[in-house]
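All residue numbers for the sequence shown refer to the working numbering, where the first residue is 46 and numbers rise by one. Cβ atoms here follow ideal geometry from the backbone N, Cα and C, with glycine treated the same way.
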Amino acid sequence: MRSLPSIIHLDMDAFFASVEQAAKPSLRGKPVIVGGLGGRGVVATASYEARRFGVHSAMPMAQARRLCPNAAFLAGRFEAYRQVSELVMALLRELSPLMQPLSLDEAFVDLEAGPYGPALAEAEHGTGERLVLALAEDLRADIERRTGLTASVGAAGSKLMAKIASERAKPDGLVLIEPGEERAVLGPMPVRALPGIGPATEQVLRRAGLNTVAELAEAGETELVQLLGKAHGAGVYQMSIGLDDRPVVADQDAKSVSVEDTFEVDLADRDRVLREVEALALRCVRRLRGAGRSGRTVVLKVRRFDFSTLTRSETLRGPTDDGTVIVETARRLVSQVDITGGVRLLGVGVAQLADYTQEDLFAQAVREEAEAAAAAGAGPEEEPEEAEEEAAVVRRWLPGQDVHHAELGPGWVQGSGVGRVTVRFETPWSGPGRVRTFAIEDPALEPAGPLPLREGWPVAPEEAEDEE
């Protein structure tokens, strides 16, 4: 454990929604909800204005619409989010080569490994803390100056406490937890505050009467090992007393993204198993999108009643982060597994990761149109070549999508339907713009890429420095 709080954790505030508000002046100060807009869509991020109505990440979009019907509901623009993320991550790398991104909008940084490391090593404790605070404030100011977005930063002597500090700093704040204060800070917190404690582990601890981190520490390592197993129990105990020696790992590149759940009662009903697999697949998709990645191989993990563990996988024709594709693939994999006797654990993962591609945003929309056409009675005798040709000219406009009009310039889609598309023409650096409606096939209207959030600021900080 360090004597100086030289590990910082940065977390952008309501990242996707904040990018949308920064890009769209007419939405600033208003509730914005980003996520899947279909019948089974879920909230990816809600702005703080929307959170006041009870909307939060991972909530079904239908419920979010009931809670906050006047919000702007937008599809994701992952190209824009990744551009902003690259700028923020480049600023973090200027502080230290030991920068570990966790997703598009959060990362750990080890300040001792960077250019300020010698100064921190030589400084007295109080001076060192002031230097850490100054570096964190300068970082937050640089991010706001170049993107218009706010970030919350936590500083501490370990990754565990730095992340907890950034949570306490939200929104748009900075919190430093001094080494030695770990147990006082952690004690009153619920057990779920510790990494590695999910719903299943929480239930085991709750049945044992352990609800807070202080109660975990009081229970002792021996009892936690009996409850959770040797490795997990020992790890939970160490964290409950504030000990965390995990290093910051530079540019850790995940090979896969996965989620899993352990069930209190073994599942023997195939329909129930399919429902659980679908929910896990959708959670996996959210993590995949949060990391700005797509994947080509879907993996199903099944631990049966006798603790035997089976895995099944299917490799797709190309990488995707589309929820429908991943859910249907996972459901097919379930059919390959014998669940007689019951299932105690299920997991869904995506491997062979690739960088996110913008085309994935439209995969589900195209498929929904194909399904709608089939439901309307599209004949099987239709020639495949003709069907592909017809699909190629279908124009689909998603709420929030960037567009450009030959005469009116850049704007974004407010909505579409009944053969019409409504566009608001504004830029990140203009005031609220005017609204116009066009036919969906209007040749003057084309999809466009995202604009920078600050006029004159390129994506890469190095380029900005060259221009100054």
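Counting of Cβ neighbours within 10 angstroms places residue 494 among the exposed residues, the total staying below 16.
No Cβ-Cβ contact shorter than 9 Å links residue 57 with residue 80. Beta bridge pairing from DSSP links residue 398 with 340.
Fewer than three pairs of CB atoms, one per stretch, sit closer than 8 Å, so the segment 249–261 makes no contact with the segment 162–181.
Listed in chain order, the non-local C-beta contacts of residue 335 below 7 Å within the same chain comprise 148 and 149, local neighbours out to five positions each way being set aside.
Residue state for residue 446 is assigned as coil, using DSSP reduced to three classes. Restricting attention to 347, 440, 245 and 181, the CA atom closest to the CA of residue 486 is found in 440. Taking the Cα positions, residue 458 is about 23 Å away from residue 368. Residues of the same chain with a CB within less than 7 Å of the CB of residue 50, apart from the 5 flanking positions on each side, are 174, 177, 200, 201, 202, 221, 222, 223 and 224 in chain order.
Distance from the CA of residue 205 to the CA of residue 246, rounded to the nearest whole angstrom, comes to 18 Å. The closest CA to that of residue 124, considering only 445, 483 and 480, is found on 445. Closest by C-alpha distance to residue 464, out of 473, 482 and 157, is 482. By the Cβ criterion, the segment 312–326 is not in contact with the segment 264–274, since fewer than three pairs of Cβ atoms, one from each stretch, lie closer than 8 Å. Ranked by Cα distance from residue 479, the first of 92, 69 and 370 is 69. Within the same chain, Cβ atoms closer than 6 Å to the Cβ of residue 398 are found at 338 and 340, the five residues on either side in sequence being excluded. With a cutoff of 9 Å on beta-carbon distance, residue 391 and residue 309 are scored as not near each other. Per DSSP, reduced to three states, the secondary structure at residue 274 is coil, with no helix or strand assignment.
Comparing alpha-carbon positions, the option among 213, 142 and 219 lying closest to residue 180 turns out to be 219.
By the neighbour-count criterion, in which 16 or more other beta carbons inside 10 Å mark a residue as buried, residue 353 falls on the exposed side. Around the Cβ of residue 244, a 10 Å sphere holds fewer than 16 other Cβ atoms; the residue is exposed. As summarised for the segment 156–234, the continuous alpha helix (DSSP H) elements at least 4 residues long and confined to that stretch are 162–167, 170–192, 204–214 and 227–231, given in chain order.
About 16 Å separates the Cβ atoms of residue 102 and residue 66, ruling out a contact at the 8 Å cut-off. Cα atoms of residue 275 and residue 476: separation of roughly 59 Å, rounded to the nearest angstrom. With fewer than 16 other Cβ atoms inside 10 Å of its own Cβ, residue 229 counts as exposed. A residue is called buried once 16 or more other Cβ atoms fall within 10 Å of its Cβ, and residue 114, having fewer, is exposed. Counting along the chain, the unbroken alpha helix (DSSP H) around residue 251 starts and ends at 244–252. It is roughly 27 Å from the alpha-carbon of residue 264 to the alpha-carbon of residue 389.
Here residue 61 carries a helix assignment [DSSP, helix/strand/coil].
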